[in-house]
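Q: Supplied in structure tokens, the structure appears directly below.
Residue numbers (my numbering): 184 to 259.
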């Protein structure tokens, strides 16, 4: 369970949204790190797997952008 800052004892939508966006960015970063680490292996299969992880990172970046668009102006 996550810990949240509260306003009068209640979690605000904006705080939950900000935490969600941060977690998506963290997942994106970790996908790129995994890709890089796998790419240091020598086989062709490892190169293919690393490319897949890089693709996951790129998809997470797109998800983050879409989430930001959905949340603009709706979270006060």
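Quick reminder that beta carbons are idealized off the backbone N, C-alpha and C, glycines included.
Bear in mind that the values here come from a model prediction, so they are computed numbers and not experimental data.
(1) Taking contact to mean at least 3 C-beta pairs separated by less than 8 Å, is the stretch 197-207 in contact with the stretch 228-237?
(2) Taking the alpha-carbon positions, what's the residue 243 to residue 196 distance?
(3) Could you check where the alpha helix (DSSP H) with residue 209 kicks off and where it finishes?
(4) Does the Cβ-Cβ distance between residue 221 and residue 232 come in under 8 Å?
(5) Can you tell me where the alpha helix (DSSP H) holding residue 244 begins and where it ends?
(6) Which whole-angstrom value is the C-beta distance of residue 250 and residue 207, which I expect to be below 8 Å?
A: According to the structure data:
(1) Contact between the stretch 197-207 and the stretch 228-237 is not established, with fewer than three Cβ pairs separated by less than 8 Å.
(2) Here residue 243 refers to the residue found at position 60 of the chain shown. Here residue 196 refers to the residue found at position 13 of the chain shown. If I take the Cα positions, the gap works out to 21 Å.
(3) Taking the first residue of the chain shown as 1, we reach residue 209 at position 26. Looking at the DSSP string, the run of the alpha helix (DSSP H) that includes residue 209 is 196-222.
(4) As a position in the chain shown, residue 221 is number 38, starting the count at 1. As a position in the chain shown, residue 232 is number 49, starting the count at 1. A contact, by the Cβ cut-off of 8 Å.
(5) Along the chain shown, one-based indexing puts residue 244 at 61. Per DSSP, residue 244 belongs to the alpha helix (DSSP H) from 227-254.
(6) The residue given as residue 250 occupies position 67 in the chain shown. The residue given as residue 207 occupies position 24 in the chain shown. The Cβ separation is near 7 Å, so the contact holds.
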